[in-house]
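My numbering puts the sequence shown at residues 3 to 71. Presented below is the structure to which this report refers.
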Amino acid sequence: MVQTFEVIVRGRLSAELAGALDGFTVGLRDGGVTSIVGPVIDQPRLLALLGAFDDLHIEVISVNPVADR
Numbered sequence: 003m004v005q006t007f008e009v010i011v012r013g014r015l016s017a018e019l020a021g022a023l024d025g026f027t028v029g030l031r032d033g034g035v036t037s038i039v040g041p042v043i044d045q046p047r048l049l050a051l052l053g054a055f056d057d058l059h060i061e062v063i064s065v066n067p068v069a070d071r
């Protein structure tokens, strides 16, 4: 089942990295953090996304499911 998640990371993502997050909405927020919102098909895909941020030394602040509207 596809679930929408919001991942908050510290800092600003490069345009290249933001563009590579196909299907996700990327936006800068107050406080110097970036919000990344999009569908995740399953837990392994979520863990892969978080692992990619870790590999790039991008600090993940929070990961939260987004309620369906």
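Yeah, the Cβ is synthetic: ideal placement off N, Cα and C, and Gly gets one too. These numbers come from a predicted model, not from an experiment.
Who are the Cβ neighbours of residue i in its own chain at under 8 Å, not counting the five residues just before and after it?
{"i": "Leu72", "result": "Given that the chain is displayed from residue 3 to residue 71, the structure contains no residue 72 and the question cannot be resolved."}
Can you say whether residue i is buried or exposed, counting buried as having 16 or more other CB atoms within 10 angstroms of its CB?
{"i": "Leu15", "result": "buried"}
{"i": "Ile63", "result": "exposed"}
{"i": "Leu30", "result": "exposed"}
{"i": "Val68", "result": "exposed"}
Residues in the same chain with beta-carbon distance under 6 Å from residue i, minus the five sequence neighbours each way, listed in chain order, please.
{"i": "Ile60", "result": "Val11"}
{"i": "Leu51", "result": "none"}
What span of residues does the alpha helix (DSSP H) with residue i cover, start to end?
{"i": "Gly53", "result": "45-57"}
{"i": "Glu18", "result": "17-22"}
Can you tell me whether DSSP reads residue i as helix, strand or coil?
{"i": "Glu61", "result": "coil"}
In terms of residue numbering, what span does the beta strand (DSSP E) encompassing residue i cover?
{"i": "Phe7", "result": "5-12"}
In its own chain, which residues sit with a C-beta less than 7 Å from the C-beta of residue i, not counting the 5 before and 5 after it?
{"i": "Phe55", "result": "Val11, Val62"}
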